[in-house]
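Enquirer: Residue numbers (UniProt numbering): 1 to 247.
My questions all concern the structure below.
And the structure:
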């Protein structure tokens, strides 16, 4: 009989404990804490991805500005239009994505290519549209001809060996970043944007360094339930003892 009563009491305690308001609140807070952690992880992934793109953009453009070369990554390069010869299709300041040309003889009329300049454009990169497709000359080499859309006359013929890139698309977003980074206030805006993105992490770091990190530690659900069960059993034992004393 006593065993049955003990079993019923244990069931009762478990039931009461599970439905205890404090237990529910703590479990709810734990779930909310997990959700906040998940959202923070997602936010950090996005922020670090954006930061990586920004840093890569700065490196690419700074590298091209310092040494005059065009950096390539996985066979692609970012180029900036500096003249109006391709207007209105490409405006001054537009940024384009170019892909390295492996087989220049396969180029077609209408392709926009970037090649090494010669003559008046010696030492420069020229981005114009193909008007005469590559053809084989008497000496066995291949040549083609380009023209700037805004120019009245086509360019001199060039060797296919001088062709570097074919335009894939315009990069409007990168164009905005480029103009921002090289503006007088660009660096300050860049730093301010980073501070806004990582403000939460900065606050946590400052609190830890100053010793004011008072964020509560998450408790395990099972530990909470076990503690409440022990408290309930202790209260019941004390109540039973008081009852026996009165008898």
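Note that beta-carbon positions come from the ideal geometry of N, C-alpha and C, so glycine has one too.
Just so we're clear, the structure is a prediction, and the values are computed from it rather than from any experiment.
(1) For residue 42, count neighbouring Cβ atoms within 10 angstroms of its own Cβ and tell me buried if that reaches 16, exposed if not.
(2) Take the Cβ of residue 152 as the centre, count every other Cβ of all protein chains shown within 10 Å, and call the residue buried at 16 or more, exposed below.
(3) My output table needs one value for residue 133: the three-state DSSP class, helix, strand or coil.
(4) Should residue 56 go down as buried or exposed, given a rule of 16 or more other Cβ atoms within 10 Å for buried?
(5) So what does DSSP say about residue 230, is it helix, strand or coil?
(6) Kindly confirm or deny that the region 92-104 and the region 164-179 touch, where touching means at least three C-beta pairs closer than 8 Å.
(7) According to DSSP, is residue 124 helix, strand or coil?
(8) Secondary structure at residue 101, three-state DSSP: helix, strand or coil?
(9) Give me the DSSP bridge partner(s) of residue 146.
(10) By Cβ distance below 7 Å, which residues in the same chain neighbour residue 216 in space, the five residues on each side in sequence not counted?
(11) Evaluate the contact criterion for the region 121-140 versus the region 80-94: three or more CB pairs, one atom per stretch, below 8 Å.
(12) Around the Cβ of residue 102, are there at least 16 other Cβ atoms within 10 angstroms (buried) or fewer (exposed)?
(13) List the endpoints of the continuous beta strand (DSSP E) containing residue 77.
(14) Relative to the alpha-carbon of residue 139, which residue among 192, 159 and 210 has its alpha-carbon at the smallest distance?
(15) Short check: CB of residue 141 to CB of residue 113, under 9 Å?
(16) Let me know if residue 77 comes out buried or exposed under the rule of 16 or more other beta-carbons within 10 Å of its beta-carbon.
(17) Which one of 92, 173, 207 and 119 has the shortest CA to CA distance from residue 50?
(18) Exposed or buried, what is residue 226 when buried is set at 16 or more other beta-carbons lying within 10 Å of its beta-carbon?
(19) Going by DSSP, name the residue or residues bridged to residue 167.
(20) State the DSSP-derived secondary structure class of residue 158, mapped to helix, strand or coil.
(21) Using the C-alpha atoms, what's the distance from residue 34 back to residue 236?
(22) Which residues share a DSSP beta bridge with residue 210?
(23) Taking just the CA atoms, how far does residue 135 sit from residue 92?
(24) CB-CB under 8 Å to residue 144, same chain, minus the five flanking residues each way: which ones, in chain order?
Expert: Quick answer:
(1) Result: exposed.
(2) Result: exposed.
(3) DSSP places residue 133 in strand when its eight states are reduced to three.
(4) Classification of residue 56: exposed, given that the 10 Å Cβ count is below 16.
(5) For residue 230, the three-state secondary structure derived from DSSP is helix.
(6) Counting C-beta pairs with one atom in each stretch, the region 92-104 and the region 164-179 have three or more that are closer than 8 Å, which means they touch.
(7) If DSSP states are grouped into helix, strand and coil, residue 124 belongs with coil.
(8) Under the three-state reduction of DSSP output, residue 101 falls in the coil class, being neither helix nor strand.
(9) Bridge partners of residue 146 according to DSSP: 130.
(10) In this prediction, residue 216 has a pLDDT of 49, which is less than 50 and means its spatial position is unreliable; what the coordinates show is noted afterwards. Only residues of its own chain outside the window of five on either side were considered, and among them none has a CB closer than 7 Å to the CB of residue 216.
(11) Taking 8 Å as the limit for Cβ pairs, the verdict is that the region 80-94 does touch the region 121-140.
(12) By the neighbour-count rule (16 or more Cβ atoms within 10 Å), residue 102 is not buried but exposed.
(13) For residue 77, the uninterrupted beta strand (DSSP E) run begins and ends at 76-80, by DSSP.
(14) Out of 192, 159 and 210, the CA that lies nearest to the CA of residue 139 is found in 159.
(15) Not a contact, by the Cβ cut-off of 9 Å.
(16) Looking at its Cβ environment, which holds 16 or more other Cβ atoms inside 10 Å, residue 77 is buried.
(17) Per the Cα distances, 173.
(18) When all chains shown are included, residue 226 counts as exposed.
(19) Partner(s): 98.
(20) For residue 158, the secondary structure class from DSSP, reduced to helix, strand or coil, is strand.
(21) Straight through space, the alpha carbons of residue 34 and residue 236 are spaced by roughly 34 Å.
(22) By DSSP's assignment, residue 210 forms no beta bridge with any residue.
(23) Cα atoms of residue 92 and residue 135: separation of roughly 31 Å, rounded to the nearest angstrom.
(24) Sequence-distant partners of residue 144 (beyond 5 residues in either direction) whose C-beta falls short of 8 Å from its own C-beta, in its chain, are 104, 107, 130, 132, 133, 134, 135, 157, 158, 160 and 163.
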